[in-house]
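Chemist:
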Amino acid sequence: MEIVLKHLTKVFPGNPKKNIRDTTAVDNLNIKIKDGSLVGLLGPSGCGKSTTLYMIAGLKQPTDGEIWFGDEDVTNLAPEKRGIGLVFQNYALYPHMTVYDNVKFPLTNLNVVKNKTIQKVVDNNLIINLLENNLDEILNLIKSSLFKGKYSKSASARRIVFKYHVVTSLAEKIFKFGLQYSENPKELASSIVNKLKDENSQILDKFDKKGVRYNKKFEILDETGNPVKEKRHLTADEIDALVQETSRLVQINDYLERKPAELSGGQQQRVAIARALVKKPRVLLLDEPLSNLDARLRLQTREEIKRIQLNTGITTIFVTHDQEEAMSICDDIVVMSLGKEMQRNHPQEVYNNPNCLFVAKFLGTPPINVFPAHVEGTELFVGQDKLLANKALSGKKEVIVGIRPEGFIYNPKGEMEFDIKSIITQGRDMTILASHTSNPENQIKMIIDSSIQIPNGKVRFSIKSTKLFVFDKETEERIYLD
Amino acid sequence: MEDGYRDLQLVLRGSSRSVKSKEISSKVWKIIGLIVVYALLAFAALIVIFPFYWMIITSLKSGEEINRLVPTFFPEVIRWSNYSDAMAKLDFGTLLRNTLIVGIFSTLGTLITSILAAFAFSKLNFKGRDMMFSIFLGTMMIPGEMMVISNYISVSRLGLTSSGLTGIYIANIIPFMVSVFYIYLLRQNFKQIPDALYLAAKVDGKGDWTFLWKVMVPLAAPTLITILILKLMGAWNSYVWPNLVAQNQKEYYMMTNGLRNSFNVASDIDQYGVQMAATVVVTVPLLLVFIFFRKYIMKGVGRAGIKG
Amino acid sequence: MESKNNWKAWLYLAPVIILLAVFTFFPIINTFYVSFLKNYDYMRGTSDGFTFDNYLLVLTPVLKSGPGTMFEEVMMTALPNTMLITIITVPLSIIISLLIAIGLNSIKALKKVFQTIFFLPYVTNAIAVGMVFSVIFDANTGIFNAIFNTPLHTWIAPAFGVQGSTVNYWSALFALSFYIIWHSLPYKILIFLGGLQNIDKQYYEAAQIDAAPKWKTTLKVTVPLLSPQILYTLITSFIGAFKEYNSVIGLFGSEGGKFDKTTGPSSMKTMVYFIYEQIGKNQVQYACAAAVFLFLIIMVFTVIQFRVSKKRVHY
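Chains as they are written, first to last, in the numbering used here: chain A, 1 to 482; chain B, 1 to 308; chain C, 1 to 315.
1. What three-state label does DSSP hand L60(B) in the structure shown?
2. Does the distance from the C-beta atom of V26(A) to that of T52(A) stay below 9 Å?
3. So, at 7 Å on beta carbons, what are the nonlocal neighbours of F301(C) in its own chain, with the 5 sequence-adjacent residues on each side left out?
4. For K17(A), I'd like the list of residues in its chain whose CB is within less than 8 Å of its CB, leaving aside the five on either flank, ordered along the chain.
5. Would you list, in chain order, the members of the segment 57-84 of chain A that have their beta-carbon closer than 7 Å to a beta-carbon of chain B?
6. Using beta-carbon positions only, say whether L179(A) and I127(A) come within less than 9 Å of one another.
7. So, is the C-beta of H96(A) closer than 9 Å to a C-beta in chain C?
8. May I ask you to verify whether the segment 166-186 of chain B touches the segment 11-29 of chain C, counting CB pairs closer than 8 Å and requiring at least 3?
9. Buried or exposed for K344(B), going by 16 or more other Cβ atoms inside 10 Å?
10. Can you give me the Cβ contacts of Y286(C) inside the same chain, cut-off strictly under 8 Å, excluding the 5 residues immediately before and after it?
11. Between the segment 273-284 of chain A and the segment 80-96 of chain A, do three or more beta carbon pairs fall short of 8 Å?
12. State yes or no: is the beta carbon of I239(C) nearer than 9 Å to at least one beta carbon in chain B?
13. Measuring straight from C-alpha to C-alpha, what distance separates R232(A) and A207(C)?
14. Classify L481(A) as helix, strand or coil using the three-state DSSP reduction.
15. K38(C) and D48(C) look like a contact to me (Cβ under 8 Å); what is the Cβ gap, rounded to whole Å?
16. Please report whether the beta-carbon of Y232(C) lies at a distance below 9 Å from any beta-carbon of chain A.
17. Assess, as a yes-or-no matter, whether the segment 153-168 of chain A is touched by the segment 237-244 of chain A under the definition of 3 or more beta carbon pairs within less than 8 Å.
18. Return the first residue and the last residue of the alpha helix (DSSP H) that K32(A) is part of.
19. Out of curiosity, what's the CA-to-CA distance linking I306(B) and I191(C)?
20. In chain C, what lies closer than 8 Å to A490(A) by C-beta?
21. What distance in whole Å lies between the Cβ atoms of E441(A) and C356(A), which are believed to be in contact at a cut-off of 8 Å?
22. Give me the Cα-Cα distance between K153(A) and E187(A), rounded to the nearest whole angstrom.
23. Could you tell me whether the Cβ atoms of A241(C) and I85(C) are closer together than 9 Å?
24. Buried or exposed for Q163(C), please, with buried defined as at least 16 other CB atoms from any protein chain shown within 10 angstroms of its CB.
25. Hey, is S227(C)'s beta-carbon within less than 9 Å of any beta-carbon in chain A?
26. What's the C-alpha gap between Q61(A) and C47(A)?
27. Buried or exposed: where does V203(B) fall if 16 or more other Cβ atoms within 10 Å of its Cβ makes it buried?
28. Helix, strand or coil for E2(C) per DSSP?
29. Between K188(C) and T233(C), what straight-line distance do the alpha-carbon atoms span, to the nearest angstrom?
30. State the Cα-Cα distance for the pair E376(A) and K397(A), rounded to the nearest angstrom.
31. With DSSP as the reference, please indicate the residues paired to S435(A) in a beta bridge.
32. How is A88(B) classed by DSSP in three states: helix, strand or coil?
33. Name, please, each residue of chain B whose Cβ falls closer than 8 Å to the Cβ of V112(A).
34. Please indicate yes or no: does the CB of I314(A) lie closer than 8 Å to some heavy atom of the ligand NAD?
35. Shorter than 9 Å from the beta carbon of K22(B) to some beta carbon of chain A?
36. Quick check on the burial criterion: 16 or more other C-beta atoms within 10 angstroms. Buried or exposed for D332(A)?
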């Protein structure tokens, strides 16, 4: 599903009596999000990214502008009719329901469109197939569920479901055959198989007698030989199948029976994603989903979100204030500030080519080094140091120069001279803290290869041209060099 | 997963319609929902308010009008004399005097004992504090009937029920000078006052006593007002105990006893107007108090449920 | 804080402890004690020794049976009355107040007005309004009979001027339950509203995103999240219903009503009514036995409710 935001604006009305002014949370946002892509809305808190997400979800009403899902204008559509999945910042899992019931809840509100099938026969065939081909393994699974001298139905079912991708009721049916208690399970299994085959032929006979036609998959056909479609509520088995499938995807199978309060933050987060995914939404929205996790889990979970998104191919919008998070998993990022879009592109491209000072400063750790600078003719100076000459520059004006920490090369003949304060070696790289005469208060951070020997005191560096950006002092817009 | 399940095509209910019609149906259902909610609330409110209305208009009707087969919803002739008759029949002056004396003294007593106990439970540290408080709370679970009988025996044997008005006053006041619930309410409030204030006062050389009355009590004023109002209302409404100790002597009755016992015998229908006038006289002061102190009352009553 | 204010603390607590000791702790023990005394004379404090007869007389037909005995009054009248009142009014008043609270919570306009109206019964005198209800339910002139077109139907007392008019027990029970529910709504609505306001809005937003219809959200999200408040009101209103007394006095007068015996118990006397009646009859020991019995019933039911709800209540 492609999502298009047109002139999207949200103004929170103030209160003239209390002298509170209107605040524009989102200001004329125009974004096109490609089908199947993972897009990050990135910005400091208060930049309107969450408000944008909530407007896409329908939980907040835009003041102006339109929201399109594919060729549908959903601007005024209620959230429950948009077919979206939303993962809340603090997950909002229903605390009184088990994980299973949480994930199941959205399905109970949906319909399914399906070819009409003789389900009983299909199920029986599935059991026949399992008993004929996997009897020993199934017996082992059931027997491994021995607990306090009893075979556990629920544990057996869970294992069978996990291994053979069948629904829970079917797995329980296999348990109830009692193969595990039998002295000759093979014989019992074959008698069950025969019984099921009898049952199948009886059912199919009835259909034949009524003149109902069906195909090899036991789908009922109409006069023209096409499968008959039906639209109805989901059956318990269908719901179970979807819950199991989604649980498998986000790896929460082991604690389906627990309550959210009994789970860790990371587990809750995955349950929240499962609840959002289980209904196969057109769009998946994630509101700062990682902010409640500790550093290690955060790293792990963001990889998982990427994996799930790739597997499902659902158009996903991801809101975060953490640039590293956005950079690492998003196909595209939209950097926002004060309700406006600052820049939108592939994360690496935005990093390599920021179009304004805000974006340059916001992306990258450690942050970009900023120097007051001036242009004289075509030449660019930082303090006394002449950095470069470029035809794109002209006249005489104040500008701002940004240099990424990795943009410095140790070179005794380099353009800029720094006063080295300290050097911190961290394995492969080292961080140099230094200052420049143009603004001695400002601490400069450089990252260079730790194998290079740097003398103390005043040291000269040359600058990589791709890591240096010039910005207008007034507008803070990028001045592109030729 | 079996293919049949994996390829399930899920759709929202009613998704086949156009966006426009979905928008309209959302709006229509929202409006219908609101109408239903308001209609039901209005209906319930009508039932709640009707007895008050009926009480007031009946109190202004003549016996003849009350007696009609088709009731009138507004008195045709307003009969104010029902009120003077009711006041006389109730002996309102006596009831009011008894109720006010008992109410004011038991309320003052409750406030003082509650303030002292709540202070000890919230700011002082002593052995057995938590256990003592649990025991106090535990008494709230025990039905009052367990105590009423025995207390009645006590006041009778002390001779309070047979030594005139003073004895009756004492019997009506002393047992009601303590309330565990209000201690609990006030303790919660005192606990919110930061310990830093208490320690600062100590550093300034202020004693506990000064601190309690000069700092804690003014800060807890809203809760104290709540207690004051609820307690006075309680005195106004109390029936069982005053009825026991009064032993059918009219001059010892408090408000509610006076009301019930003045109209106890199935009186003839002409009396309904007077009876309703009497209930208006007893009910309206409470309603007025509620209207003026709504915030305090609802806060105090609601507080009980939060802790569960 | 330092522990030297130990004795000071007890000084602050002294008034409360003395009062509670005299008027709460002693009476509880004394009530148990008196319930086992034979021929207790409460004015003199004398008795003829210990006995279990008080309980046998009140609770069983072993010692005396037949009409007019205490067994008849308690087990055939007071206890059934009390039980019926409880079974009828507790669930109904909880459901109605829950519905009203949910309705109130979903509206904005007029919310304060409705809230004030629904709170009114709380600040009224149970006996005074009971008298108003008895006028409303009056057989001859009551507005209830007029509105529902049931002329001369007796709810509280026999019709005036009608020969052989009697009151059907179930009609009286209906009128009483109606009044008790009316009077108990405000407290519950207040508690539920407080609980509703504490429910995180995100659960509703999540339910909306999940396309759950409003009724389903109410049933599957709101009600379970209110379960602590529901349990609290269940227990308090249960205890309240078991101690029902003022409403009976207000509605039926201090005699507790007189009904057609063929339709049920002959009066609306409750357990508490019986207890106070014994005091008036100078039979304090029976009152004590009945009070202990009532106390035990309340305890047992409260414990059961806690147990049962442990699994269902979400905290």
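Glycine residues also receive a C-beta, built at the ideal position from the N, C-alpha and C atoms. Since the model is a prediction, treat every value here as computed from it, not as a measurement.
Modeler: A quick look at the data gives this:
1. In this structure, L60(B) counts as coil in the three-state DSSP scheme.
2. Taking a C-beta distance under 9 Å as the contact criterion, V26(A) and T52(A) qualify as a contact pair.
3. In its chain, beyond the 5 residues on either side, F238 have a beta carbon closer than 7 Å to the beta carbon of F301(C).
4. Apart from the 5 residues on each side of it in sequence, K17(A) has no Cβ closer than 8 Å to any other Cβ in its chain.
5. Within the segment 57-84 of chain A, the residues whose Cβ lies closer than 7 Å to some Cβ of chain B are E72, D73, V74, N76, L77, A78, K81 and G83, listed in chain order.
6. Not closer than 9 Å, so no.
7. H96(A) counts as touching chain C.
8. The segment 11-29 of chain C and the segment 166-186 of chain B touch, with three or more beta-carbon pairs separated by less than 8 Å.
9. Residue 344(B) cannot be examined here, being either before or after the span of chain B that is shown, 1 to 308.
10. Shown here for Y286(C): same chain residues with a beta carbon closer than 8 Å to its own, the five before and five after excluded, namely N54, L57, V58, M70 and Q278 in chain order.
11. Using a C-beta cut-off of 8 Å, the segment 273-284 of chain A makes contact with the segment 80-96 of chain A, since at least three inter-stretch Cβ pairs fall below that distance.
12. Among the residues facing chain B, I239(C) is included, as its CB has a counterpart in that chain under 9 Å away.
13. Taking the CA atoms as reference points, R232(A) sits about 21 Å from A207(C).
14. Correct three-state label for L481(A): coil.
15. About 4 Å separates the Cβ atoms of K38(C) and D48(C), confirming a contact at the 8 Å cut-off.
16. Chain A, which has no Cβ nearer than 9 Å to the Cβ of Y232(C), makes this no.
17. In this structure the segment 237-244 of chain A touches the segment 153-168 of chain A; the number of beta carbon pairs closer than 8 Å is three or more.
18. Premise fails: K32(A) lies in the beta strand (DSSP E), T23 to I33, not in any alpha helix (DSSP H).
19. Caution is warranted here: a pLDDT of 45 is assigned to I306(B), below 50, making its placement in the model unreliable, and the coordinate value is therefore given only provisionally. Going by C-alpha positions, I306(B) is about 7 Å away from I191(C).
20. An answer regarding residue 490(A) cannot be provided, because it is not within the stretch 1 to 482 covered by chain A.
21. C356(A) to E441(A), Cβ: 24 Å. No contact.
22. Cα atoms of K153(A) and E187(A): separation of roughly 22 Å, rounded to the nearest angstrom.
23. Yes, the pair counts as a contact, with Cβ atoms nearer than the cut-off.
24. When all chains shown are included, Q163(C) counts as exposed.
25. Closer than 9 Å: yes.
26. Their backbone Cα atoms lie some 17 Å apart in a straight line.
27. Looking at its Cβ environment, which holds fewer than 16 other Cβ atoms inside 10 Å, V203(B) is exposed.
28. The pLDDT assigned to E2(C) is 48, lower than 50, so where the model puts this residue is not dependable; a value taken from the coordinates is nonetheless given after this. Secondary structure at E2(C): coil, using DSSP grouped into helix, strand and coil.
29. K188(C) and T233(C) have their C-alpha atoms roughly 6 Å apart.
30. Looking at the two C-alpha atoms, the distance is approximately 7 Å.
31. Its beta-bridge partners are D419(A).
32. DSSP places A88(B) in helix when its eight states are reduced to three.
33. Chain-order list of chain B residues neighbouring V112(A): L8, Q9, L10 and V11, by C-beta distance under 8 Å.
34. The ligand content of the structure shown is nil, which means the ligand NAD is not present either.
35. Closer than 9 Å to some Cβ of chain A, the Cβ of K22(B) qualifies, so yes.
36. D332(A) sits buried, since 16 or more C-beta atoms from the chains shown fall within 10 Å of its C-beta.
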